[in-house]
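Input: a single structure, listed below in structure tokens.
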């Protein structure tokens, strides 16, 4: 039974890391796009929307960990 629990724990940890890495990658892509197009974001007054998107992505990672 202990071996089964260890295997499940390893697989779950691996899956969580993969999910977190995917979300971090998406958040990084969003940040790069915003920095690259900062003038456009500012002209369209989208700062709050972009910040909310980024915050939601980081919150998703926190929810995975907790």
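Residue numbers (the numbering used here): 3 to 68.
Note that the Cβ used here is the ideal one computed from N, Cα and C, for glycine as well.
All of these numbers come straight from a predicted model, not from anything done at the bench.
Query: Residue 53 versus residue 62 - alpha carbon distance; Result: 14 Å
Query: Contacts around residue 60, its chain only, beta-carbon distance under 7 Å, and the 5 residues preceding and following it disregarded; Result: 29
Query: Residue 25 burial status per 10 Å Cβ neighbour count (16 or more: buried); Result: buried
Query: C-beta contact flag for residue 18 and residue 66 at 8 Å; Result: yes
Query: Where residue 3 sits in the DSSP three-state scheme; Result: coil
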